[in-house]
Structure formats: C-alpha cells, structure tokens
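**Student:** The structure that follows is given in the form of structure tokens.
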Amino acid sequence: MEHVPKGSRLNTLVDRLNQLHIGNQQQAAEAAEAAGEAAWGQTGGIVNGPNGAKLVLPANLKFGEAIMVAPDGTLSVFRGDLYQFLPK
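All you need for the numbering used here is the position in the sequence shown, starting with 1, plus 384.
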C-alpha cells in the first residue's frame, strides 16, 4: 500500500476489506488482522471494543488508529484512545 497517501492508508485498507463482503464479525476481524499485519508488520491483536465491536489494534498504540469491526462485520477506522481497550 505504499502508493496510497499516508493519511488515507488505513481508510483505503478498510474500504477494500468492506468490498469483499466478508461473512460475520469474527471472520471480518481475522481478515482485518491479516491485512493489518501486512500493512503494519504486526498487530496488537483483536480485542473487544465499544458497543459490541471488535478492534484490531496496531502493535504501537500511540498512533491512535485501529480497525473497528461492527457486530454485522462492517469495518471502519476507529480513532481515539486505544489504551482503554487493552485487557486488564
């Protein structure tokens, strides 16, 4: 994804994953994690997010962006404090 402008890289990744119409939330989260590993080199894993969503965290949380997978399997970009979603 080197040809994608830096600010839109994650948005583009999410848009492309949504075009695949991946089945359920778990399958979409696993696909997003695989894509995240390809884009970021590694991920911080899949965690429970807000309102029943799952988040695919980047390995470095300070970037403040993650891939959010809604209960229906739709993906979007989550921007905010990722530290609050770390397992306690």
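From the three backbone atoms N, C-alpha and C, an ideal C-beta is built for every residue, glycine too.
Computed from a predicted structure; not experimentally measured.
For G407 versus P442, is the C-beta distance shorter than 8 Å?
**Tutor:** no
**Student:** Helix, strand or coil: how does DSSP classify T427 here?
**Tutor:** strand
**Student:** What first and last residue would you give for the beta strand (DSSP E) that runs through L439?
**Tutor:** Annotation for L439: the continuous beta strand (DSSP E) segment containing it runs K438 to P442.
**Student:** Near F413, what residues of its chain come up, given a Cβ to Cβ distance below 7 Å and the 5 sequence neighbours on each side ignored?
**Tutor:** Rather than Phe, the amino acid found at residue 413 in this sequence is Ala. Excluding positions up to five away in sequence, the list reads I430, K438, V440 and V453.
**Student:** L459 and L401 - do their beta-carbons sit closer together than 8 Å?
**Tutor:** Their beta carbons are under 8 Å apart, which means L401 touches L459 by this criterion.
**Student:** Which of the three DSSP states is assigned to N395 in this structure?
**Tutor:** Here DSSP, grouped into helix, strand and coil, assigns N395 to helix.
**Student:** For L466, does the count of other Cβ atoms within 10 angstroms reach 16, so buried, or fall short, so exposed?
**Tutor:** buried
**Student:** My guess is that G425 and F462 are in contact by the Cβ rule of under 8 Å, so how many angstroms apart are they, rounded?
**Tutor:** Rounded, the Cβ-Cβ distance is 20 Å, inconsistent with contact.
**Student:** Using a 10 Å radius around the Cβ and a threshold of 16 neighbouring Cβ atoms, would you call K390 buried or exposed?
**Tutor:** In this predicted model, K390 has a pLDDT of only 48, less than 50, meaning its place in the structure is not dependable; the value taken from the coordinates is given anyway. With a threshold of 16 other beta carbon atoms within 10 Å, K390 falls short and is exposed.
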